[in-house]
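Number of protein chains: 2
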Amino acid sequence: MSGGGAREEGGCDHDGGDDGPCAVDAEERLARGALTRIFEPGDELIGRWLRTCTPQEVLRALRRPGAPLPGAGDQRWAGLRARAERARPEADMAAVEAVGGRFLCPGDREWPGQLDALGPTRPVGLWVRGAPSLRFWALRSVAVVGARACTEYGAHMAAVLGAGLAERGWTVISGAAYGIDGAAHRGALASGGATVGVLACGVDVAYPPGHAELIRRIGEQGLLVAELPPQEHPLRSRFVLRNRVIAALTRGTVVVEAALRSGSLSTARHARRLGRLVMGVPGPVTSGLSAGVHELLREEGSVVTDAAEVIELVGSMGELAPARRGPAVPHDVLPGAAARVLEALPGRGTAESAQLARAAGTTPEEAHVRLQELCALGFVERLGSRWQLVRPGDKRTGHPIE
Amino acid sequence: MSGGGAREEGGCDHDGGDDGPCAVDAEERLARGALTRIFEPGDELIGRWLRTCTPQEVLRALRRPGAPLPGAGDQRWAGLRARAERARPEADMAAVEAVGGRFLCPGDREWPGQLDALGPTRPVGLWVRGAPSLRFWALRSVAVVGARACTEYGAHMAAVLGAGLAERGWTVISGAAYGIDGAAHRGALASGGATVGVLACGVDVAYPPGHAELIRRIGEQGLLVAELPPQEHPLRSRFVLRNRVIAALTRGTVVVEAALRSGSLSTARHARRLGRLVMGVPGPVTSGLSAGVHELLREEGSVVTDAAEVIELVGSMGELAPARRGPAVPHDVLPGAAARVLEALPGRGTAESAQLARAAGTTPEEAHVRLQELCALGFVERLGSRWQLVRPGDKRTGHPIE
Chain U
480 MSGGGAREEG GCDHDGGDDG PCAVDAEERL ARGALTRIFE PGDELIGRWL
530 RTCTPQEVLR ALRRPGAPLP GAGDQRWAGL RARAERARPE ADMAAVEAVG
580 GRFLCPGDRE WPGQLDALGP TRPVGLWVRG APSLRFWALR SVAVVGARAC
630 TEYGAHMAAV LGAGLAERGW TVISGAAYGI DGAAHRGALA SGGATVGVLA
680 CGVDVAYPPG HAELIRRIGE QGLLVAELPP QEHPLRSRFV LRNRVIAALT
730 RGTVVVEAAL RSGSLSTARH ARRLGRLVMG VPGPVTSGLS AGVHELLREE
780 GSVVTDAAEV IELVGSMGEL APARRGPAVP HDVLPGAAAR VLEALPGRGT
830 AESAQLARAA GTTPEEAHVR LQELCALGFV ERLGSRWQLV RPGDKRTGHP
880 IE
Chain E
480 MSGGGAREEG GCDHDGGDDG PCAVDAEERL ARGALTRIFE PGDELIGRWL
530 RTCTPQEVLR ALRRPGAPLP GAGDQRWAGL RARAERARPE ADMAAVEAVG
580 GRFLCPGDRE WPGQLDALGP TRPVGLWVRG APSLRFWALR SVAVVGARAC
630 TEYGAHMAAV LGAGLAERGW TVISGAAYGI DGAAHRGALA SGGATVGVLA
680 CGVDVAYPPG HAELIRRIGE QGLLVAELPP QEHPLRSRFV LRNRVIAALT
730 RGTVVVEAAL RSGSLSTARH ARRLGRLVMG VPGPVTSGLS AGVHELLREE
780 GSVVTDAAEV IELVGSMGEL APARRGPAVP HDVLPGAAAR VLEALPGRGT
830 AESAQLARAA GTTPEEAHVR LQELCALGFV ERLGSRWQLV RPGDKRTGHP
880 IE
């Protein structure tokens with residue numbers, strides 16, 4: 480178990496300045512990492528098994544020849560045992576750390592609690608790449624998804640929505656695919672906002688290949704998230720299962736363009752099952768790529784035509800909505816770096832992030848990431864390129880919930 | 480009161496072959512005709528007055544100098560008295576009969592009962608031009624309305640919807656305006672179906688002038704309806720008040736294109752207030768002429784993208800839906816001409832309308848009109864250019880309700 484300390488640091492101490500205990504021990508983290516190599520995403524078998532056994536016990540059973548295994552055919556177990564033999568979680572964690580990543584487990588401070596809604600298909604763990612806190616960014620997030628082979632109209636709408644959501648302090652989560660997904664990420668990146676790419680492969684695999692540069696930028700400016708360990712490649716089934724993570728992470732899913740019975744509607748179906756909001760951007764009835772969206776809208780979804788309308792809908796739902804209940808976490812559990820940036824903000828008026836970086840003794844990039852976390856948490860708000868405290872007495876209050 | 484008999488014939492005997500008593504006597508009909516010249520459409524003052532007085536009493540009071548008048552300022556009464564002096568209902572009825580029309584009153588067999596939902600703003604009477612029964616056609620009708628300055632996309636969608644509704648035996652009701660209205664009427668006419676133009680002027684006035692030919696065709700193949708007597712011209716206020724009649728006559732209103740806060744949304748607002756269905760055809764978010772429709776859809780309306788979806792929604796509502804409850808009226812109250820056409824239909828299989836006209840001893844045009852009435856009533860259905868009885872045991876039964 481050499482390197483367990485490094486794993487622990489990668490897993491739950493990224494926010495710095497906090498010396499509280501790490502909820503997930505190194506051995507469990509390694510076992511969970513191995514399980515992401517052994518089981519396909521969303522496999523209910525492992526989800527149910529982990530209700531009665533620890534990840535370490537599961538891994539030991541898989542690696543001990545002849546150990547009794549629950550609930551699946553012999554042939555299936557043979558395949559899983561072979562994968563268990565080959566799993567090298569220490570090497571995977573070293574690989575992800577080498578690209579600035581970490582492996583998150585349920586129980587980690589950065590773990591997004593809303594994934595629990597997935598029940599037995601909750602991810603065993605998440606491979607994450609990028610500086611921001613996934614938990615904080617996902618608190619105020621919206622999925623913007625749709626067809627790969629979209630029209631110019633769809634790409635335009637996705638980019639405008641992505642930019643509009645990001646400008647208003649919302650995180651844009653999508654699948655980094657061609658078409659609508661890519662346009663939504665690009666819109667968020669272009670406005671200097673927060674965006675998360677949830678991949679159906681390892682966070683060190685650039686898929687689709689034509690999006691290598693986009694995926695690199697998301698990893699630098701935002702976050703890349705995957706259930707699959709490094710170097711895993713996407714499969715058809717993995718795309719659909721990935722979509723359940725996008726749906727579960729976000730408060731709502733906006734479908735921009737989708738053909739009838741298109742795979743890009745699966746995120747919306749997951750969102751509906753999970754009780755998240757389902758929204759659709761209407762388009763010309765004469766366009767086959769709007770037909771799936773219109774079907775969605777006739778069944779259940781809400782018509783949205785811009786970011787403000789999306790936020791009006793998702794902002795009023797969810798227990799953690801800062802607009803209604805003050806900041807989502809108390810001031811004193813803020814990670815050190817975020818707390819220092821928050822301290823640096825003037826009591827009145829606005830400040831540039833570079834100015835705040837100097838005052839907080841950090842880099843402008845780090846300050847920008849922390850400001851977006853603070854925004855997601857309801858402590859600060861963005862006004863163009865400047866930031867200000869959310870004042871007491873505003874709809875959102877800057878006072879911590881003690 | 481010379482010519483009272485002619486009025487009576489024009490008003491309630493158009494269906495022929497039925498010698499039952501006429502519910503509205505000639506004197507009341509003349510008085511109501513005069514009141515349509517005196518009061519603007521939708522004036523609640525006259526609606527409330529008629530709750531306690533007969534139309535004849537109201538007219539006498541208006542024409543007797545010094546008679547006490549209820550609930551309006553002196554100046555207003557002076558104007559109404561002046562109009563009462565000038566009203567010539569016998570001449571108006573002669574004029575409308577000269578163009579193949581009639582004047583309908585509440586209580587007439589052809590009066591569409593759903594107008595009662597308008598309460599004190601129910602029309603005092605309706606000037607109607609065209610052979611079909613307004614009551615029968617309105618039973619299964621949908622309003623298709625929208626912007627005058629529509630796009631090519633909107634005009635295309637309105638024409639396709641108009642044709643699709645008419646092909647399925649539904650009456651398309653609109654306002655004969657430029658743009659969406661005209662396209663919807665044209666679509667219905669082109670498919671040889673039923674369409675009603677509700678005008679904001681007299682039924683002998685072609686407004687807008689560029690639609691003179693369209694309005695002539697609606698009057699020949701369908702129906703023209705107006706609250707205003709012959710030769711009255713449209714005013715801005717009359718368009719909005721006309722829209723309440725379109726909304727009340729139909730089971731639902733489809734808005735095809737409308738700018739934000741556009742007047743063409745007023746029919747939808749009336750429909751909503753009256754408990755009718757409100758539907759909208761989505762379009763590109765980037766089109767200002769779809770913005771009003773999307774606003775409507777976000778507030779309350781249902782997304783529809785073709786005629787089948789409209790019918791799915793409106794077909795399941797309304798007390799008289801033939802699809803659920805058999806024909807809307809008993810066989811033995813059918814007008815003579817309709818009863819003869821019904822008799823002519825073969826027990827099995829289909830027939831052309833020309834063939835049915837010969838068998839029923841009438842003209843092909845007359846047979847076509849009666850077949851559409853019978854379709855609206857649930858006795859027959861259309862299959863392309865042919866007609867057949869709705870069979871017992873079908874969803875819609877051909878058996879009369881006794």
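Read top to bottom, the protein sequences are chains U and E.
Last residue of the first sequence: 881 (our numbering), numbering continuous.
Last residue of the second sequence: 881 (our numbering), numbering continuous.
Every residue gets a Cβ at the ideal spot worked out from N, C-alpha and C, and that includes glycine.
How about E/P534 and E/A561: are their beta carbons less than 9 Å apart?
Contact: no.
Check the Cβ of E/S781 against every Cβ in chain U and list those closer than 8 Å, keeping chain order.
By Cβ distance, chain U contributes R777.
When the Cβ atoms of the stretch 545-563 of chain E are set against those of the stretch 706-720 of chain E, are three or more pairs found closer than 8 Å?
no
Beta-carbon proximity list for E/L605, same chain, < 6 Å, skipping 5 on both sides:
L583, V704
If we call anything under 9 Å between Cβ atoms a contact, is U/G857 one with U/A737?
Against a cut-off of 9 Å, the Cβ pair of U/A737 and U/G857 comes out as no contact.
Integer-rounded CB distance, given that U/T600 should sit under 8 Å from U/R706
According to the sequence shown, residue 706 of chain U is Glu rather than Arg. That pair is no contact at about 10 Å.
Residues of chain E with CB under 8 Å from U/V764, in chain order?
M636, V760, P761, G762, T784, D785
Between U/A726 and U/V621, what straight-line distance do the alpha-carbon atoms span, to the nearest angstrom?
Cα to Cα, the separation comes out at about 9 Å.
For chain U, is any of its Cβ atoms less than 9 Å away from the one on E/H773?
Cβ-Cβ to chain U under 9 Å: yes for E/H773.
Interface residues of chain U around E/Y657 at Cβ under 7 Å?
The premise fails here: E/Y657 is roughly 21 Å from chain U at the closest Cβ pair, so nothing lies under 7 Å.
Are E/T674 and E/I659 touching if we call contact CB-CB under 9 Å?
no
Integer-rounded CB distance, given that E/P591 should sit under 8 Å from E/R614
5 Å
Which same chain residues, not among the five before or five after E/H635, have their C-beta less than 8 Å away from its C-beta?
A662
Neighbouring residues, chain E, relative to U/E631 (Cβ below 7 Å):
Result: empty, since nearest Cβ-Cβ is about 10 Å, beyond 7 Å.
Are the CB atoms of U/G771 and U/V734 nearer to each other than 9 Å?
yes
With DSSP as the reference, label U/S781 as helix, strand or coil.
strand
Am I right that E/G609 and E/G701 are in contact with their C-beta atoms under 8 Å? What's the rounded C-beta distance?
6 Å
Is the separation between the beta-carbon of U/V760 and that of U/R751 shorter than 9 Å?
no
Quick one: does E/E788 have its CB under 9 Å from some CB of chain U?
Chain U contact via Cβ: present.
In whole angstroms, what is the alpha-carbon distance linking U/R695 and U/D683?
9 Å
So, is U/E791 buried or exposed, given that buried needs 16 or more other C-beta atoms within 10 angstroms?
exposed
DSSP three-state label for U/S766, please.
coil
Is it buried or exposed for U/R827, if we count other Cβ within 10 angstroms and need 16 for buried?
exposed
Output yes or no for whether 9 Å exceeds the beta carbon distance between E/R730 and E/R865.
no
If we ignore side chains and look at the alpha-carbon of each, how far apart do E/A574 and E/P709 end up?
Approximately 7 Å between the Cα atoms of the pair.
How would you write the range of the alpha helix (DSSP H) that E/W649 sits in, first residue to last?
Where E/W649 is concerned, there is no enclosing alpha helix (DSSP H), given that its DSSP letter is neither H nor E.
Which same chain residues, not among the five before or five after U/G598, have their C-beta less than 8 Å away from its C-beta?
Residues of the same chain with a CB within less than 8 Å of the CB of U/G598, apart from the 5 flanking positions on each side, are G526 in chain order.
Decide if E/G552 is buried, meaning its Cβ has at least 16 other Cβ atoms within 10 Å, or exposed.
exposed
Between the CA atoms of E/A563 and E/P544 - distance to the nearest angstrom:
Distance between the alpha carbons of E/P544 and E/A563: 11 Å.
Could you give the distance in angstroms between the alpha-carbon of U/L776 and the alpha-carbon of U/G666?
24 Å
Can you find a CB in chain E that lies within less than 9 Å of the CB of U/P801?
Residue placement at U/P801 is poorly supported in this model, since its pLDDT is 41, which falls under 50; the coordinates still yield a value, given next. No, because no Cβ of chain E sits closer than 9 Å to the Cβ of U/P801.
Classify E/E488 as helix, strand or coil using the three-state DSSP reduction.
With a pLDDT of 33 at E/E488, under the threshold of 50, the modelled position of that residue is not reliable, and no figure is offered here.
Using only the alpha-carbon positions, how far apart do E/S795 and U/V848 sit?
54 Å
Cβ pair E/A786, E/L548 closer than 9 Å
Going by C-beta atoms, E/A786 is not nearer than 9 Å to E/L548.
Using C-beta distances below 8 Å, list every residue in its chain close to U/A596, excluding the 5 sequence neighbours before and after it, in chain order.
Result list for U/A596: A727, L753, G754, in chain order.
With DSSP collapsed to three states, give me the class of U/G558.
helix
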